[in-house]
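A.B. asks: One rule links them: number in our numbering = place in the sequence shown (from 1) + 174.
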Amino acid sequence: MTPPSRADGPEAAPGLLPIADRRQVHRAALHLIQRDARAFTTMIVFNALAAAAGLVGPWLLGRIVNTVKDGGGVEAVDRLALGILVGAVAQLLLARHARYLSHRFGERTLARIREQFVDRALALPASVVERAGAGDLTARGTSDVATAGQTLRDTGPDVFVAAVQALFILGAVFLLDPLLGICGVLGLTGIWFATRWYLRRARSAYLDQGAAHSALAEVLSATASGARTIEAFGLRERRIAECEDEIKRCVIARERTLFLRSVLFPSIDISYVIPVAGVLLIGGAMHEQGTVSLGTVVASALYLRQLSQPLDTILQRVEELQSSGAAFARVEGLAAAPAGTATPTTPATPSPGDTSEDDRIDLDGVYFAYGDGADVLRGVDLSICPGERLAIVGPSGAGKSTLGRLLAGIDTPTKGTVTIGGAPIASLSPDRLRRQVVLVTQEHHVFLGTLRDNLLIAAESATDMELHAALAAVGADWAEELSDGLDTELRAGGHRLSGARTQQLALARVVLADPHTLILDEATALLDPTTARHTERALAAVLRGRTVIAIAHRLQTAHDADRVAVMEDGRVTEIGTHEDLVAAGGSYAALWHSWHGDRPPTNSAHADAPGTGTDPLATEARHHRPGS
Ligand SMILES: Nc1ncnc2c1ncn2[C@@H]1O[C@H](COP(=O)(O)OP(=O)(O)OP(=O)(O)O)[C@@H](O)[C@H]1O
């Protein structure tokens, strides 16, 4: 028997995405079976037929023994031998077809799991995905789905076929003689105890072994990469001692798993022999007394010997089943993912008409906390008029970005309301919301696909002319020079966009989405000078005619805004025009004087600015949208 697979895979990280419990996993598995019930039934029937065909051999062998014992002729023995051959061929063909059906069922079900996963992942609110982290979602969508798929395609069918075979074999022994059947089952109990003993200890032992390997690898690679420093500081002996310690830990961990295997495998091998020996002994005695025929004893012993094969398969695969059960629970966990981490205080159902009366944004007594943490926003009241340029300033951690996320509808307040034109932002459909508010950060993604696909994300029904116009609006002239135009494949062996072009593409999407309000959070703060200049021009075109809420990292932005809101410790502590706030002599005035000193205010985007960012609220963008 080959050793069961190692159980030293990574522990399921306690991610924020939920993990399905046992009942949910069972229900989901049952649902998947029900969706392909016919294929599943056919698979069972063929597996059962293959297992039944496998029983023909030993049974006929028993008949041959009886026939020979009763003095039957060669002809009768030949007929029975031919039957064995037919049984073996039938078993081969039926098992092959059963496996083919199992694989088809497995592949189809895997495809369904994948589709369901993608649907669920896409339906997750952005805030949930952000908080859970891309790593968790990616791991679930790749390695966990692959592990569950491996089970459906190989492990599951293997175990299933083996279980059916084992059941049929035991059933056949009981049919031949119930007493011999009981004898066989009792003989097998050793396997149950040995496996239980092993499984109880294996998980932690293999996890320790994996951890010891990782620690050793870490020490070795650190020693190799820091060799010069180690020599320079005379740390050689200390490093060698550390390596030796880790090697010792590895040896101890490996000896432990070796010990477990050295107990398990002989116990199982002996357990396979016990029922055969028991049946031969008891069957022999019964034959002596004339209660069973010699053929029955021989057939029972052969059946029990044959049992080792399916049992071996089940034991080898049992750990794989355990780990894939955990993987499936993580995949299914997405079904239980929250619709949002914060509880909306406003009804989730759309308000009448799902439309805003105007573009005015109001925050009323807004509180927000991440998860179970402390309040990050603590009673924010704010009104932003259509076409206004509002700069939000404040120290790091004051809650500016959080406020931006609430204004963009990414997060919902734990208390209070955020409304657009009187409609709670939480009640707007994603499509509707996109046309109202868009948050622009410096994180831009180029999706796999053509340039057109990347643009249509923002406006599904836009014509090519509109797409070209949007690209032109942000100064993306390079798009016109692409050999395949809008059909140019981006990424994955296709055209790679530079940072500046990626940003222009993202801004072209904003033009297409055509929201009345833009929230700028670090959209340009950390860009290199060349990219910043490109982005500045593109951004100016995008901002024209829209309400802009800029989370200002430079006071020049605040200076150019219509109004400035100062945030401190989750509250808006000052609000007004730059001049009013400077005159009021509060914290904004202090900030302005300390940054600005005696220098006169300037509209130049780069003057005096720390870093290389651009000023999104510079005057060139201050032309309101017609009609706004
Ligand atoms: N995803 C998150 N999970 C938990 N806490 C968070 C998360 N994002 C922000 N916070 C916390 O919320 C508080 C406000 O953060 P926020 O980013 O809104 O402040 P900020 O004023 O924008 O700061 P900065 O100018 O440094 O970006 C901080 O204490 C921060 O640690």
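Ideal Cβ positions, reconstructed from N, Cα and C, are used throughout, including at glycine. Computed from a prediction, not measured in an experiment: that's the story for all the values here.
Are there any heavy atoms of ligand 1 lying less than 8 Å away from the beta-carbon of Met741, as far as the coordinates show?
C.D. replies: yes
A.B. asks: Taking 8 Å as the cut-off, does the segment 675 to 692 touch the segment 716 to 724 (at least 3 CB pairs, one atom from each stretch)?
C.D. replies: yes
A.B. asks: Look at the alpha carbon of Gly400 and the alpha carbon of Ser388, and state the distance between them as a whole number of angstroms.
C.D. replies: If I take the Cα positions, the gap works out to 18 Å.
A.B. asks: If we count Cβ pairs, one from each stretch, closer than 8 Å, do we get three or more for the segment 455 to 465 versus the segment 218 to 234?
C.D. replies: no
A.B. asks: Select from Thr487, Val450, Asp486, Leu489 the residue whose C-alpha is nearest the C-alpha of Thr470.
C.D. replies: Val450
A.B. asks: Just to confirm before moving on: does the CB-CB distance between Tyr372 and Leu434 stay below 9 Å?
C.D. replies: Cβ atoms of Tyr372 and Leu434: closer than 9 Å.
A.B. asks: Out of Ala597, His642, Leu268, Glu640, point me to the one whose CA is closest to Asp538's CA.
C.D. replies: Ala597
A.B. asks: Closer than 8 Å: is that where the CB of His727 sits relative to any heavy atom of ligand 1?
C.D. replies: Yes, since a heavy atom of ligand 1 falls inside the 8 Å radius drawn around the Cβ of His727.
A.B. asks: Going by DSSP in three states, Ala565 sits in which element: helix, strand or coil?
C.D. replies: strand
A.B. asks: Near Pro331, what residues of its chain come up, given a Cβ to Cβ distance below 7 Å and the 5 sequence neighbours on each side ignored?
C.D. replies: Arg273, Ser276, His277, Gly280
A.B. asks: Apart from the five residues just before and just after Ala222, which ones in its own chain have a Cβ nearer than 7 Å to its Cβ?
C.D. replies: Correct list, in chain order: Val338.
A.B. asks: Using C-beta distances below 8 Å, list every residue in its chain close to Ile448, excluding the 5 sequence neighbours before and after it, in chain order.
C.D. replies: Gly361, Leu362, Gly364
A.B. asks: For ligand 3, enumerate in chain order all residues having a CB closer than 5 Å to any of its heavy atoms.
C.D. replies: As presented, the structure is devoid of ligand 3, carrying ligand 1 as its sole ligands.
A.B. asks: Shortest alpha-carbon distance to Ser603 belongs to which of Ala297, Leu191, Leu268?
C.D. replies: Ala297
A.B. asks: Verify the CB distance criterion: does Val685 have a CB-CB separation below 9 Å to chain D?
C.D. replies: No chain D is part of this structure, which consists of one protein chain only.
A.B. asks: How about Arg737 and Thr751: are their beta carbons less than 9 Å apart?
C.D. replies: yes
A.B. asks: Starting from the C-beta of Arg294, find all residues in its chain whose C-beta is less than 8 Å away, skip the five residues before and the five after it, and write them out in chain order.
C.D. replies: If we look at Arg294 and ignore the five residues flanking it on each side, its Cβ neighbours are Leu508, Ala509, Ala511.
A.B. asks: Just to check my reading of the structure: Ala322 and Gln383 have Cβ atoms closer than 8 Å, yes? What is that Cβ distance to the nearest angstrom?
C.D. replies: Not confirmed; about 25 Å, so no contact.
A.B. asks: Does DSSP put Ile193 in a helix, a strand or coil?
C.D. replies: Three-state result, Ile193: coil.
A.B. asks: Under the DSSP definition of a beta bridge, which residues are partnered with Leu671?
C.D. replies: None, per the DSSP bridge assignment.
A.B. asks: Measuring alpha carbon to alpha carbon, tell me which of Ile725, Ser557, Val716, Glu562 ends up nearest Gly568.
C.D. replies: The shortest C-alpha separation from Gly568 is found at Ile725.
A.B. asks: With a threshold of 16 other CB atoms inside 10 Å of the CB of Leu679, please say whether the residue is buried or exposed.
C.D. replies: buried
A.B. asks: Please report how far the alpha carbon of Ala647 lies from the alpha carbon of Arg675, in whole angstroms.
C.D. replies: Going by C-alpha positions, Ala647 is about 13 Å away from Arg675.
A.B. asks: What number of angstroms, rounded off, separates the C-alpha of Val335 from the C-alpha of Pro484?
C.D. replies: 8 Å
A.B. asks: Return the CA-CA distance between Ala764 and Thr593, expressed in angstroms with no decimal places.
C.D. replies: 32 Å
A.B. asks: What residue ranges within the segment 620 to 698 form continuous beta strand (DSSP E) runs of no fewer than 3 residues, ordered along the chain?
C.D. replies: DSSP assignment within the segment 620 to 698 yields the following whole beta strand (DSSP E) runs of 3 residues or more, N-terminal first: 691 to 695.
A.B. asks: For Ser498, which residues in the same chain have their Cβ closer than 6 Å to its Cβ, ignoring the five residues on either side in sequence?
C.D. replies: Thr321, Ala322, Thr325
A.B. asks: Count the other CB atoms within 10 Å of the CB of Thr312; is the residue buried (16 or more) or exposed (fewer)?
C.D. replies: exposed
A.B. asks: Got a sec? Which residues, its chain only, sit under 7 Å from Arg683 by beta carbon, not counting five neighbours each side?
C.D. replies: Leu629, Ile631, Ala632
A.B. asks: What's the C-alpha gap between Arg534 and Ser557?
C.D. replies: Between Arg534 and Ser557, the C-alpha separation is close to 7 Å.
A.B. asks: Taking Cβ to Cβ, would you say Ala211 is nearer than 9 Å to Ala503?
C.D. replies: Not closer than 9 Å, so no.
A.B. asks: Quick check on Pro232: buried or exposed, where buried means 16 or more other Cβ atoms within 10 Å of its Cβ?
C.D. replies: buried
A.B. asks: Leaving out five residues on either side along the sequence, give the residues of the same chain with a beta carbon under 8 Å from the beta carbon of Ala379.
C.D. replies: Closer than 8 Å at Cβ, skipping near neighbours: Ala427, Arg430, Thr431, Leu434.
A.B. asks: Can you give the Cα-Cα distance for Pro587 and Ser317, rounded to whole angstroms?
C.D. replies: 35 Å
A.B. asks: Nearest CA to the CA of Leu489: which residue from Asp443, Gly261, Ala732, Thr615?
C.D. replies: Asp443
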